[in-house]
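Quick note, the sequences are listed as chains A and B, same order. Counting in my numbering, the first sequence runs from 1 upward without gaps. Counting in my numbering, the second sequence runs from 1001 upward without gaps. Glycine is no exception: its CB is placed at the ideal position from the N, C-alpha and C atoms. Everything below concerns the one structure shown next.
Number of protein chains: 2
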Amino acid sequence: MKCTVLTVGTEILFGSIVNTNAVYLSRQLQTLGIDVMYHMTVGDNPVRLKEMMAHAYLDCDMIITTGGLGPTQDDLTKEMIAEYFGERVVEWPEQTEILKSHFKGRPMTDNNRKQAWFPEHCTVLKNPNGTAPGFWMEKDGKIVISMPGPPSEMQPMFENEVRPRLLALQNSVLFYKDVRTCGIGESQLETELLDLIDGQTDPTLATYAGTFQCSLRVASKRPTLQEAQQAVEDTMVQVRSCIGQYIYSEEGEELPAVVFHLLQEKGLRLSSCESCTGGMFAAAITDIAGSSEVFDRSLVTYCNKAKMEELGVRAETLDTCTAVSRETACEMAEGLYRVTGSDLCISVTGYAGPGGGTEEDPVGTFYVGLWYQGKVEAFRFSTRRPSRDRVRKNAVLQMFRLLYEKIK
Amino acid sequence: MKCTVLTVGTEILFGSIVNTNAVYLSRQLQTLGIDVMYHMTVGDNPVRLKEMMAHAYLDCDMIITTGGLGPTQDDLTKEMIAEYFGERVVEWPEQTEILKSHFKGRPMTDNNRKQAWFPEHCTVLKNPNGTAPGFWMEKDGKIVISMPGPPSEMQPMFENEVRPRLLALQNSVLFYKDVRTCGIGESQLETELLDLIDGQTDPTLATYAGTFQCSLRVASKRPTLQEAQQAVEDTMVQVRSCIGQYIYSEEGEELPAVVFHLLQEKGLRLSSCESCTGGMFAAAITDIAGSSEVFDRSLVTYCNKAKMEELGVRAETLDTCTAVSRETACEMAEGLYRVTGSDLCISVTGYAGPGGGTEEDPVGTFYVGLWYQGKVEAFRFSTRRPSRDRVRKNAVLQMFRLLYEKIK
Chain A
1 MKCTVLTVGT
11 EILFGSIVNT
21 NAVYLSRQLQ
31 TLGIDVMYHM
41 TVGDNPVRLK
51 EMMAHAYLDC
61 DMIITTGGLG
71 PTQDDLTKEM
81 IAEYFGERVV
91 EWPEQTEILK
101 SHFKGRPMTD
111 NNRKQAWFPE
121 HCTVLKNPNG
131 TAPGFWMEKD
141 GKIVISMPGP
151 PSEMQPMFEN
161 EVRPRLLALQ
171 NSVLFYKDVR
181 TCGIGESQLE
191 TELLDLIDGQ
201 TDPTLATYAG
211 TFQCSLRVAS
221 KRPTLQEAQQ
231 AVEDTMVQVR
241 SCIGQYIYSE
251 EGEELPAVVF
261 HLLQEKGLRL
271 SSCESCTGGM
281 FAAAITDIAG
291 SSEVFDRSLV
301 TYCNKAKMEE
311 LGVRAETLDT
321 CTAVSRETAC
331 EMAEGLYRVT
341 GSDLCISVTG
351 YAGPGGGTEE
361 DPVGTFYVGL
371 WYQGKVEAFR
381 FSTRRPSRDR
391 VRKNAVLQMF
401 RLLYEKIK
Chain B
1001 MKCTVLTVGT
1011 EILFGSIVNT
1021 NAVYLSRQLQ
1031 TLGIDVMYHM
1041 TVGDNPVRLK
1051 EMMAHAYLDC
1061 DMIITTGGLG
1071 PTQDDLTKEM
1081 IAEYFGERVV
1091 EWPEQTEILK
1101 SHFKGRPMTD
1111 NNRKQAWFPE
1121 HCTVLKNPNG
1131 TAPGFWMEKD
1141 GKIVISMPGP
1151 PSEMQPMFEN
1161 EVRPRLLALQ
1171 NSVLFYKDVR
1181 TCGIGESQLE
1191 TELLDLIDGQ
1201 TDPTLATYAG
1211 TFQCSLRVAS
1221 KRPTLQEAQQ
1231 AVEDTMVQVR
1241 SCIGQYIYSE
1251 EGEELPAVVF
1261 HLLQEKGLRL
1271 SSCESCTGGM
1281 FAAAITDIAG
1291 SSEVFDRSLV
1301 TYCNKAKMEE
1311 LGVRAETLDT
1321 CTAVSRETAC
1331 EMAEGLYRVT
1341 GSDLCISVTG
1351 YAGPGGGTEE
1361 DPVGTFYVGL
1371 WYQGKVEAFR
1381 FSTRRPSRDR
1391 VRKNAVLQMF
1401 RLLYEKIK
């Protein structure tokens, strides 16, 4: 099956918003085995919208639109699709009732009423997160699926209303694993899995590159859930034997969340002290609701004075070894333990750039110190193409990776 | 002038990358007064690419393409554009020389050579940031501008090679102000400026909504730079009289950078202590290179024990007033001053959610304390639609805003 993603909205053409709907839908459709041939974006212009539809159907069986379903005069997607298919748009009384219930006591202006009008022959797609429902229409062997623009309304609608119908269309059930890795680049990941990627049509394997992290989606579409699960598991056995050491989650969990759950499980408390990351490590772990259960504090000792005052790093160490050194990282972690008594005390110090760095330790180098079970160790890392942002992100990631390795 | 942005790349259709090129080009073209009619994305498929071009030229005078200019077999944009216009693609010997110089000592594989081949009649657009130059071609009253896909190559090429040519085409010079505001929503901003936005065609005013922040671009395109500057300045007088109190930069500077420069200018040192933001404030200021000049440290006292140990917050205060209160915020800021002696000591404590909160202080409420010139004050804030992420971002922003107000 071939599909076009047609997003409607002048704000996209102005560059005011990023077209995340196209990204979301493309990823979802790919896992369903549906090929996306085009992304198209038009403004709220009736003629151009119809022309785009005609162009898309030259190659595709299906068009998914987002946007242009709201109450204002600009919102014309529904009307234009109906016109393209020669359908009448009529009031659906049960939708009017649902719409009224959205407004409860509040007054509903007349222009809102058009959100309860739909093509005569279609399936209305529920929208519990907004006032504009979507719809699904099939005619002359062509499918059109129309959803509202806001991602908070579109994504649940796709998940609950569209995906099951797309699977039913294909008489199949989808099952997938969202495998997260760290410490391996996308091209190396692809190389390691080349035989698996090349050889198979189902399960499919797709890799996505992030910053210093890659994910892999292993998806199978089979007549029953059990068969799909078995097929994914069979492939996962091979995936694990190729890249097992890089995998930290098979359920799409981020590394900080994985570490958080491990700490929680083992009843361990964590503190951090940060120089070059300047609070980013703490920000990442406290991004998780409930993190106070495992996270005690972070001392962001950005200047040397703070490193001495807060952590008792010795002036001599800073003088002889510099602030960016194995020795300083160790003294920071040890000092943090003295202050907090946390089970795990992690430190980081490095050259984020653009200034600083030495011949042996150029910009991009950082040291991570870790106090655990009465022992302190430090590890040296470097960063490829070291922009300030990349160095800091890499340092945070390596801190979580080290914690993961230590306590898993 | 009407334009289509045509991005080429299977990785966009897969949803592997976000189409930031379309956003960037749309914004740039808007400021130049060029209307963007369509965004289109196709894979590396020759037939579809040519069909898309034909469709785009139905409405547009100009197509800007990105992607598909590289050395591999997949990269076919140049060849297809030439074919569409009935042009031959030939080797440009001076481009071969430039290409060779890119590789210096390293071996250059044969497939790289095609990056020095171009349509016979075109202008080659220099690419100092990569091996694939772009090109500009005009034929039969149609313009095509073709650039490489990586934003790090495309954006400087647009800035240095394309923008001046687009301006020359229009016999005009562009000047703009990138006005940053805080404390006013996009719809209120538009309302305040309605007369200005409605009444004028040049300068143009465009608003962009961010999270809790809005920016405004005031741009003028005139025959001379002086005239454009004057026109923008005349409009800015009116803009300032409408929304002056919300403006913190007219040069596109972010709020943390504005605060950093103010601190630098006045020779003031800053420390922070953070509860609900968990290090995000420190991460934002240390994102600026050289921030150690003004920033001392941040104590991320996530649990109550840390608030007492690090900052001397009294157990009694935490008991009677709770950790999220004006009193705790004040004691945190005072304690921070005792520890650091910094000129400005800022604290934050709040309910980021999803759990926590009280009837008077629901999730989304936070208090910011500020010690400055021997005096401590605390301010209460709330957050609309308080997701954890929004509350934390809002808190960081309000901390910077408070500092800005205090020291500007």
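State the start and end residues of the unbroken beta strand (DSSP E) segment that holds residue 1119 of chain B.
Along the second sequence, one-based indexing puts residue 1119 of chain B at 119. Run containing residue 1119 of chain B: 1117–1119, per the beta strand (DSSP E) assignment.
From residue 324 of chain A to residue 1292 of chain B, what distance separates their C-alpha atoms?
Walking along the first sequence from the start, residue 324 of chain A turns up at place 324. Walking along the second sequence from the start, residue 1292 of chain B turns up at place 292. Those two C-alpha atoms are separated by around 15 Å.
I need the straight-line Cα distance from residue 1101 of chain B to residue 354 of chain A, nearest angstrom please.
In the second sequence, counting from the first residue as 1, residue 1101 of chain B sits at position 101. In the first sequence, counting from the first residue as 1, residue 354 of chain A sits at position 354. Each residue's Cα considered, the two are about 27 Å apart.
Using a Cβ cut-off of 8 Å, pull out every chain A residue sitting near residue 1176 of chain B, in sequence order please.
Translated into positions along the second sequence, residue 1176 of chain B becomes position 176. Correct list: empty, because the minimum Cβ distance to chain A is about 14 Å.
Quick check on the DSSP output: what are the complete alpha helix (DSSP H) runs of length 4 or more inside the stretch 1264–1312 of chain B, in order along the chain?
With a minimum length of 4 residues, the continuous alpha helix (DSSP H) runs that stay inside the stretch 1264–1312 of chain B are 1280–1286 and 1304–1311.
For the stretch 1194–1227 of chain B, list every residue whose C-beta sits within 9 Å of some C-beta in chain A, in sequence order.
Residues 1206, 1207, 1208 and 1209.
What's the call for residue 299 of chain A, buried or exposed, on a 16-neighbour Cβ count within 10 Å?
Sequence index remark: in the first sequence, residue 299 of chain A carries index 299 (1-based). Looking at its Cβ environment, which holds 16 or more other Cβ atoms inside 10 Å, residue 299 of chain A is buried.
Along the chain, where does the beta strand (DSSP E) containing residue 147 of chain A start, and where does it finish?
Taking the first residue of the first sequence as 1, we reach residue 147 of chain A at position 147. Unbroken beta strand (DSSP E) run through residue 147 of chain A: 142–147.
Report yes if the CB atom of residue 77 of chain A is closer than 9 Å to the CB atom of residue 8 of chain A, and no otherwise.
The sequence position of residue 77 of chain A within the first sequence is 77, counting from 1. The sequence position of residue 8 of chain A within the first sequence is 8, counting from 1. Yes, they are a contact pair.
Check whether the stretch 1226–1244 of chain B touches the stretch 1141–1160 of chain B, taking contact to mean three or more Cβ pairs, one atom from each stretch, closer than 8 Å.
With the cut-off at 8 Å, the stretch 1226–1244 of chain B and the stretch 1141–1160 of chain B do not touch.
Residue 1350 of chain B and residue 1367 of chain B look like a contact to me (Cβ under 8 Å); what is the Cβ gap, rounded to whole Å?
Locating residue 1350 of chain B in the second sequence gives position 350, counting from the first residue. Locating residue 1367 of chain B in the second sequence gives position 367, counting from the first residue. Sure, about 6 Å apart at Cβ, within 8 Å.
Is the shortest distance between the beta-carbon of residue 1041 of chain B and the beta-carbons of chain A less than 9 Å?
Walking along the second sequence from the start, residue 1041 of chain B turns up at place 41. It does; some Cβ of chain A falls within 9 Å.
What are the start and end residues of the beta strand (DSSP E) that includes residue 63 of chain A?
On the first sequence, position 63 is the one that residue 63 of chain A refers to. Unbroken beta strand (DSSP E) run through residue 63 of chain A: 62–66.
Can you tell me which of the three DSSP states residue 2 of chain A falls into?
Position 2 of the first sequence holds residue 2 of chain A. Three-state DSSP puts residue 2 of chain A in a strand.
Along the stretch 16–42 of chain A, what residues have a CB closer than 9 Å to any CB found in chain B?
So the close ones are 16, 17, 18, 19, 20, 22, 23, 24, 25, 26, 27, 28, 29, 30, 35, 36, 37, 38, 39, 40, 41 and 42.
In terms of alpha-carbon separation, which member of B:1115, B:1043, B:1098 and B:1062 lies closest to residue 1071 of chain B?
The count along the second sequence starts at 1 and reaches residue 1071 of chain B at position 71. Answer by Cα proximity: B:1115.
Rounded to whole angstroms, what's the CA-CA distance from residue 1378 of chain B to residue 1385 of chain B? Just pull it up for me.
By one-based count along the second sequence, residue 1378 of chain B stands at place 378. By one-based count along the second sequence, residue 1385 of chain B stands at place 385. Near 23 Å, if we compare the C-alpha coordinates of residue 1385 of chain B and residue 1378 of chain B.
Quick one, are the C-beta atoms of residue 407 of chain A and residue 255 of chain A less than 9 Å apart?
As a position in the first sequence, residue 407 of chain A is number 407, starting the count at 1. As a position in the first sequence, residue 255 of chain A is number 255, starting the count at 1. Not a contact, by the Cβ cut-off of 9 Å.
Listed in chain order, which residues of the stretch 294–311 of chain A have Cβ atoms closer than 8 Å to some Cβ of chain B?
So the list reads 295, 296, 297, 298, 299, 300, 301, 302, 303, 305, 306, 309 and 310, given in the order they occur along the chain.
Would you mind giving the Cβ-Cβ distance between residue 1252 of chain B and residue 1178 of chain B, rounded to the nearest angstrom? I have them listed as a contact below 8 Å.
Here residue 1252 of chain B corresponds to residue number 252 of the second sequence, with the count starting at 1. Here residue 1178 of chain B corresponds to residue number 178 of the second sequence, with the count starting at 1. At roughly 3 Å, the Cβ-Cβ gap stays under 8 Å, so residue 1252 of chain B and residue 1178 of chain B are in contact.
By the criterion of Cβ-Cβ separation under 8 Å, what are the contact partners of residue 1403 of chain B in chain A?
Locating residue 1403 of chain B in the second sequence gives position 403, counting from the first residue. Correct list: empty, because the minimum Cβ distance to chain A is about 16 Å.
Can you give me the start and stop residues for the alpha helix (DSSP H) that residue 407 of chain A sits inside?
Counting from one through the first sequence, the residue named residue 407 of chain A turns up at place 407. That run of the alpha helix (DSSP H) goes 388–407.
DSSP three-state call for residue 1206 of chain B: helix, strand or coil?
Locating residue 1206 of chain B in the second sequence gives position 206, where the first residue counts as 1. Correct three-state label for residue 1206 of chain B: strand.
How would you call residue 88 of chain A, buried or exposed, if buried means at least 16 neighbouring beta carbons within 10 angstroms?
Residue numbering aside, residue 88 of chain A sits at position 88 when the first sequence is read from its first letter. Flag for residue 88 of chain A reads exposed.
Out of curiosity, what's the CA-to-CA distance linking residue 19 of chain A and residue 1020 of chain B?
As a first step, residue 19 of chain A is located in the first sequence; it is residue number 19 there, counting from the start. As a first step, residue 1020 of chain B is located in the second sequence; it is residue number 20 there, counting from the start. Those two C-alpha atoms are separated by around 9 Å.
So is residue 165 of chain A buried or exposed if we call it buried at 16+ other beta carbons inside 10 Å?
For the purposes of this step, residue 165 of chain A is taken as the residue at position 165 of the first sequence. That one is exposed.
Assuming the contact rule is C-beta atoms closer than 8 Å, residue 1213 of chain B and residue 1397 of chain B should be a hit. Round their C-beta distance to whole Å, please.
The residue labelled residue 1213 of chain B in the question sits at position 213 within the second sequence. The residue labelled residue 1397 of chain B in the question sits at position 397 within the second sequence. Rounded, the Cβ-Cβ distance is 7 Å, consistent with contact.
With DSSP collapsed to three states, give me the class of residue 100 of chain A.
Locating residue 100 of chain A in the first sequence gives position 100, where the first residue counts as 1. Looking at residue 100 of chain A - three-state DSSP - the assignment turns out to be helix.
Closer than 9 Å, Cβ to Cβ, to anything on chain B: give me those residues from the stretch 113–130 of chain A, in chain order.
The residues in question: there are none.
Tell me which residue opens and which closes the alpha helix (DSSP H) that residue 1330 of chain B is part of.
Within the second sequence, the letter at position 330 stands for residue 1330 of chain B. Its alpha helix (DSSP H) spans residues 1326–1340.
Quick one: which chain A residues come within Cβ less than 8 Å of residue 1354 of chain B?
Counting from 1 along the second sequence, the entry for residue 1354 of chain B is found at position 354. In chain order: 289.
Would the stretch 1269–1286 of chain B count as touching the stretch 1387–1403 of chain B if we require 3 or more Cβ pairs under 8 Å?
As far as the Cβ criterion goes, the stretch 1269–1286 of chain B touches the stretch 1387–1403 of chain B, which means the pair count is three or higher.
By Cβ distance below 7 Å, which residues in the same chain neighbour residue 79 of chain A in space, the five residues on each side in sequence not counted?
Locating residue 79 of chain A in the first sequence gives position 79, counting from the first residue. Same-chain partners within the cutoff: 89.
Grab the span of the beta strand (DSSP E) containing residue 218 of chain A for me, first residue to last.
Sequence index remark: in the first sequence, residue 218 of chain A carries index 218 (1-based). Run containing residue 218 of chain A: 213–222, per the beta strand (DSSP E) assignment.
Taking 9 Å as the cut-off, decide whether the C-beta atoms of residue 302 of chain A and residue 345 of chain A are in contact.
On the first sequence, residue 302 of chain A is found 302 positions in, with the first residue counted as 1. On the first sequence, residue 345 of chain A is found 345 positions in, with the first residue counted as 1. No, the pair does not count as a contact, with Cβ atoms beyond the cut-off.
To the nearest angstrom, how far is it from the Cα of residue 1265 of chain B to the Cα of residue 1342 of chain B?
As a working mapping, residue 1265 of chain B is identified with position 265 in the second sequence. As a working mapping, residue 1342 of chain B is identified with position 342 in the second sequence. If you take the alpha carbons of residue 1265 of chain B and residue 1342 of chain B, they lie about 16 Å apart.
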